[in-house]
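Please read the structure below before turning to the comments.
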Amino acid sequence: MTTAPAPVPRHLAIIMDGNGRWAQQRHRPRLIGHRAGARAVKRCVEFCLQQGIEVLTLFAFSSENWNRPADEVGGLMKLFLGALEREVDELHRLGARLRFIGERDRFAPQILDRMQAAETLTAGNTRLQLVIAASYGGRQDIARAARTLAEDVAAGRLQADQINEATLGAQIALADLPAPDLFIRTGGELRISNFLLWQLAYAELWFTDALWPDVDAALLQQALDEYARRERRFGLTSAQVRHHANPGTPS
Ligand code: IPE
Ligand code: IPE
Ligand code: MG
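Oh and the sequence shown: position 180 is 179 in numbering that gives the first Met the number 0, straight run, nothing missing.
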């Protein structure tokens, strides 16, 4: 008897939280935690490549994180620039396509140029779509989409009654990708913190107390194993879902 392969999420979205506390536990500056967090990102990307996950979206910096102390924001920007300088070639070699979502014009030109260059270099890669949410806020994403449609209506390109889930959704970040199947938040907090509000509508949620710098393949595998055991119903009944999952069953 063969068993069906466990479903692997096509799109994994992660709030990488707990860097500051990881450093605090070691009586080190918060920036040391962010640096350790960057190493965990590499482990996570390797894991996704091994698992055949198609899209990995990482929350690296929220629109609200700009309000942190200036030295932490400055340190994070340095770390971000350093990662762009050092890691992009390797990601390209591995077949990853890099994309950034969020309010780009808040970044220094040097960072912005590197982001654009990374996207251009890796645009043809298909093994893994690696999306970095930086200066990203879910509400801002939805507001920007609404503004685009309002402009279309004002210019006569769209009727107000054509605004619906499909037309609004098409303007939201990552509209061309499958929606996140699995959401992971490390660091023990049970909240979304303005991450992909629209896109997470039917994601399976998984929380862990592990701090992001401690994340490794074994922990990510735990999340995937639990995901494989979940029943995603999308509003249907369990019986309907089981019927759909078995196309040989007569209707
Ligand atoms: C997440 O770790 C990384 C960023 C928000 C940039 P934190 O810096 O939020 O770590 P904690 O939550 O303070 O431990
Ligand atoms: C969410 O973490 C943002 C990122 C991980 C980039 P925060 O640490 O900023 O979230 P809150 O403040 O605990 O909700
Ligand atoms: Mg935090």
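Even for Gly, the Cβ is constructed at its ideal location relative to N, Cα and C. Since the structure is predicted, the reported quantities are computational estimates derived from the model, not experimental observations.
- The Cβ atoms of F58 and M114 lie no closer than 9 Å to each other.
- In the displayed model, H10 falls within a strand according to three-state DSSP.
- Distance from the CA of W211 to the CA of I183, rounded to the nearest whole angstrom, comes to 11 Å.
- Taking all protein chains in view, the Cβ of H243 is surrounded by fewer than 16 other Cβ atoms within 10 Å, so the residue is classified as exposed.
- By the beta-carbon neighbour count (other beta carbons within 10 angstroms, threshold 16), G123 is exposed.
- Under DSSP, I100 takes part in a beta bridge, and its partners are A132.
- Going by beta carbons, T56 and L204 fall outside the 9 Å limit.
- The C-alpha of E102 lies about 18 Å from the C-alpha of L167.
- Residues with their Cβ less than 7 Å from any non-hydrogen atom of ligand 1, running along the chain, are M15, D16, G17, N18, G19, R20, W21, R29, G32, H33, G36, A59, F60, S61, N64, L75, G186, L210, W211.
- Taken atom to atom, the span from the alpha-carbon of L80 to that of Q109 is near 8 Å.
- The Cβ atoms of Q23 and G32 sit closer than 9 Å to each other.
- In the structure shown, the three-state DSSP call for I141 is helix.
- Ligand 3 never approaches E203 closely enough for any of its heavy atoms to be under 8 Å from the residue's Cβ.
- Assigned with DSSP and collapsed to three states, T119 falls in helix.
- Every alpha helix (DSSP H) stretch that sits fully inside the segment 19-107 and reaches 4 residues is listed by chain position as 29-50, 69-92.
- When secondary structure is reduced to three states using DSSP, I110 falls in the helix class.
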